[in-house]
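Novice: Right, I'll just put the structure down here and ask away after.
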Amino acid sequence: MTTNDTHSAADRTGRGSNADASTSAERALDCSVDRRSLLRRIGLLGVGIPAAGFLGIGCSENKGGASPRKTAVPVTSGASGAGATAAAPQAAVNVDYMPVPALAPALTRKTAETVKTTLTIKDVKGKLADGAAYTYWTFNGSVPGPLLRARVGDTVELTLVNPKESALGHNIDLHAVWGPGGGAALTQVAVGETKAFSFKALNPGVYVYHCATAPIDLHISNGMFGLIVIEPPDLLPRVDREFYVMQSDMYTKSAAGTPGLQEFNLPAMADERPTYVVFNGAMGSVTGDRALKAKVGEKIRIFFGVGGPNLSSSFHVIGTIFDRAAIFGSFASISESVQTVTVAPGGATMVELTVPVPGTFTIVDHALSRLNKGAAGQLVVEGPADPAIFKQL
Ligand SMILES: [Cu+2]
Numbered sequence: 042m043t044t045n046d047t048h049s050a051a052d053r054t055g056r057g058s059n060a061d062a063s064t065s066a067e068r069a070l071d072c073s074v075d076r077r078s079l080l081r082r083i084g085l086l087g088v089g090i091p092a093a094g095f096l097g098i099g100c101s102e103n104k105g106g107a108s109p110r111k112t113a114v115p116v117t118s119g120a121s122g123a124g125a126t127a128a129a130p131q132a133a134v135n136v137d138y139m140p141v142p143a144l145a146p147a148l149t150r151k152t153a154e155t156v157k158t159t160l161t162i163k164d165v166k167g168k169l170a171d172g173a174a175y176t177y178w179t180f181n182g183s184v185p186g187p188l189l190r191a192r193v194g195d196t197v198e199l200t201l202v203n204p205k206e207s208a209l210g211h212n213i214d215l216h217a218v219w220g221p222g223g224g225a226a227l228t229q230v231a232v233g234e235t236k237a238f239s240f241k242a243l244n245p246g247v248y249v250y251h252c253a254t255a256p257i258d259l260h261i262s263n264g265m266f267g268l269i270v271i272e273p274p275d276l277l278p279r280v281d282r283e284f285y286v287m288q289s290d291m292y293t294k295s296a297a298g299t300p301g302l303q304e305f306n307l308p309a310m311a312d313e314r315p316t317y318v319v320f321n322g323a324m325g326s327v328t329g330d331r332a333l334k335a336k337v338g339e340k341i342r343i344f345f346g347v348g349g350p351n352l353s354s355s356f357h358v359i360g361t362i363f364d365r366a367a368i369f370g371s372f373a374s375i376s377e378s379v380q381t382v383t384v385a386p387g388g389a390t391m392v393e394l395t396v397p398v399p400g401t402f403t404i405v406d407h408a409l410s411r412l413n414k415g416a417a418g419q420l421v422v423e424g425p426a427d428p429a430i431f432k433q434l
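Using our numbering, you'd call the opening residue of the sequence shown number 42 and step up by one each time.
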């Protein structure tokens, strides 16, 4: 018997820096300053990304020494969701990021087993951006929920616990399941209830799971999604490091970067105009001490999925090429030497790369206007330089 829910990522400390005193003042300045402030918060200043201008994020205003406007404005004009406004100033709410989501380790067995997994609903107030917090609905207290793992031929017994402290009913629909609703009806749990079901893993691949309680888009946007990997009978090839990242879109009443506890914005979600587009649940959640870290020459594997609920991702790591990418999350459709992978909401991929030179490589959704909404992470690679591959002339 194997359990998924005890496995942890190497770093689950959930460290996060709180807003510094200057941040709220910067927010009141003009757009160019706010863009710089935003980029600092998501860790993109001073980390050697090619050039801010390359990404369209340079500051072009206020170079003549004019006094900055003191009027609060949305962080990025047109970047906020429908109905998102520059709200009246709120006090910053400084809370930690949610824990780094757990990632079950690679399997080593080639025989079928019964895999027992328990997921527990947790409502968590977590850091959304510096000075901004959000009340997430989660599986096991992280966004995304833990990466689960089984092998073709396994029977998975999944228990969903909805504690009495929870606010609402939830369920789980796993895309790796053959059966109506992917298990949603069988796991519909009211507050205080626990339900379980089993399914046989028949198809290998990387699959999304999510809450499918109505309104489904709200439950997903609030954080209720994750990945389950069904390894093929002969297992996935061994790599040196595995990572787990998911993208989602979030809808708040105030513009991105506004301090305070953020409120959900239903009209913005209905219009599919997110305020935030984030990796692992929050702006800057895959940067700094939470960045993906590896060494030159190591084989790296990233399981990447999109919870959505609405936006596809153009998944790209600037300055790298994916040696292998499992298109649509299918191990039967491996493409080689891939620059960008399109991943649909409710879809996933697995990419593998070996980085030959050191540096900080920025993870993006290559729909780059989303950078300002939070869709930026970092892969930090340490090791010796190789001038034969990359050097200044
Ligand atoms: Cu739910």
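Built from N, CA and C at the ideal position, the CB exists for glycine as well.
Tell me which same chain residues have a C-beta within less than 7 Å of the C-beta of Ala416, skipping the five on either side of it?
Specialist: Numbered from its first residue, the sequence shown carries residue 416 at position 375. Around Ala416: Gln288, Val318, Val319, Phe320, Val405, Asp406.
Novice: From which residue to which residue does the beta strand (DSSP E) around Leu189 run?
Specialist: As a working note, residue 189 is residue 148 in the sequence shown. Counting along the chain, the beta strand (DSSP E) containing Leu189 begins and ends at 189–192.
Novice: Could you name the residues, in chain order, whose CB is less than 5 Å away from a heavy atom belonging to ligand 1?
Specialist: This criterion selects His211, Cys252, Thr254, His260, Met265.
Novice: Tell me which residues share the same chain as Ser230 and place their Cβ nearer than 7 Å to its Cβ, disregarding the 5 neighbours each side in the sequence.
Specialist: Along the sequence shown, one-based indexing puts residue 230 at 189. The displayed chain sequence assigns Val, not Ser, to residue 230. Once the five neighbours on either side are set aside, the close Cβ partners of Val230 are Leu201, Asn203, Gly210, His211, Asn212, Lys236.
Novice: Flag this pair as touching only if the region 324–331 and the region 345–360 have three or more C-beta atom pairs under 8 Å; answer yes or no.
Specialist: No contact exists between the region 324–331 and the region 345–360.
Novice: With three or more C-beta pairs closer than 8 Å as the rule, is the region 164–171 touching the region 133–144?
Specialist: Judged by Cβ distances under 8 Å, the region 133–144 makes contact with the region 164–171, as three or more pairs qualify.
Novice: List the residues that DSSP assigns as beta-bridge partners of Asp290.
Specialist: Here residue 290 refers to the residue found at position 249 when the sequence shown is read from its first residue. Val318.
Novice: Taking the alpha carbon of Ala147 as the reference point, which residue from Glu234, Asp214, Pro274 has its own alpha carbon closest?
Specialist: Indexing the sequence shown from 1 puts residue 147 at position 106. Checked all of Glu234, Asp214, Pro274; the closest Cα to Ala147 is Pro274.
Novice: Measure the Cβ-Cβ separation of Pro142 and Gly267 and say whether it is below 9 Å.
Specialist: Sequence index remark: in the sequence shown, residue 142 carries index 101 (1-based). Sequence index remark: in the sequence shown, residue 267 carries index 226 (1-based). In this structure, Gly267 lies closer than 9 Å to Pro142 by Cβ.
Novice: Residue range of the beta strand (DSSP E) that Ile162 falls in?
Specialist: Counting from one through the sequence shown, the residue named residue 162 turns up at place 121. Here the beta strand (DSSP E) through Ile162 covers 155–170.
Novice: Is it buried or exposed for Ile269, if we count other Cβ within 10 angstroms and need 16 for buried?
Specialist: For the purposes of this step, residue 269 is taken as residue 228 along the sequence shown, with counting starting at 1. Buried, by the Cβ-count rule.
Novice: Can you give me the C-alpha to C-alpha distance between Tyr285 and His357, rounded to a whole angstrom?
Specialist: Locating residue 285 in the sequence shown gives position 244, counting from the first residue. Locating residue 357 in the sequence shown gives position 316, counting from the first residue. Looking at the two C-alpha atoms, the distance is approximately 14 Å.
Novice: Check whether the region 416–428 and the region 331–347 are in contact - that is, three or more C-beta pairs closer than 8 Å.
Specialist: Contact holds: three or more Cβ-Cβ distances are below 8 Å.
Novice: For Gly264, tell me which candidate among Met291, Glu206, Glu272 has the shortest Cα-Cα distance.
Specialist: Counting from 1 along the sequence shown, the entry for residue 264 is found at position 223. Ranking the options by Cα distance to Gly264, first place goes to Met291.
Novice: Does DSSP classify Ala226 as helix, strand or coil?
Specialist: Residue numbering aside, residue 226 sits at position 185 when the sequence shown is read from its first letter. Three-state result, Ala226: helix.
Novice: Do the region 341–351 and the region 245–263 make contact, defined as three or more Cβ pairs closer than 8 Å?
Specialist: At 8 Å Cβ cutoff, the stretches touch.
Novice: Expressed to the nearest angstrom, what Euclidean distance is found between the alpha-carbon atoms of Asp364 and Ser376?
Specialist: Start at 1 with the first residue of the sequence shown, and residue 364 comes out as number 323. Start at 1 with the first residue of the sequence shown, and residue 376 comes out as number 335. Straight-line Cα distance between these residues: approximately 8 Å.
Novice: Can you grab the Cα-Cα spacing for the pair Ala367 / Ala373, in whole Å?
Specialist: Within the sequence shown, residue 367 is the residue found at index 326, counting from 1. Within the sequence shown, residue 373 is the residue found at index 332, counting from 1. Spanning the two alpha carbons is a distance of roughly 8 Å.
Novice: Per DSSP, which one or two residues make a beta bridge with Gln419?
Specialist: Walking along the sequence shown from the start, residue 419 turns up at place 378. For Gln419, which the question treats as bridged, DSSP gives the partners Thr403.
Novice: Give the secondary structure of Gly329 by DSSP, where H, G and I count as helix, E and B as strand, and everything else as coil.
Specialist: If you number the sequence shown from 1, residue 329 lands on position 288. In the structure shown, Gly329 sits in a helix (DSSP, three-state: H, G or I).
Novice: Would you grab the beta carbon distance between Asp258 and Ala208 for me? Rounded to a whole angstrom, and I think it's under 8 Å.
Specialist: Locating residue 258 in the sequence shown gives position 217, where the first residue counts as 1. Locating residue 208 in the sequence shown gives position 167, where the first residue counts as 1. Asp258 to Ala208, Cβ: 18 Å. No contact.
Novice: For Trp219, is the classification buried or exposed, using 16 other Cβ atoms within 10 angstroms of its Cβ as the cut-off for buried?
Specialist: Here residue 219 refers to the residue found at position 178 when the sequence shown is read from its first residue. By the 10 Å Cβ count, Trp219 comes out exposed.
Novice: Quick check: Leu277 and Arg342, are their CB atoms within less than 9 Å of each other?
Specialist: The count along the sequence shown starts at 1 and reaches residue 277 at position 236. The count along the sequence shown starts at 1 and reaches residue 342 at position 301. Their beta carbons are under 9 Å apart, which means Leu277 touches Arg342 by this criterion.
Novice: CB-CB under 6 Å to Phe345, same chain, minus the five flanking residues each way: which ones, in chain order?
Specialist: Numbered from 1 along the sequence shown, position 304 holds the residue referred to as residue 345. Cβ within range, chain order: Val286, Phe356, Thr390.
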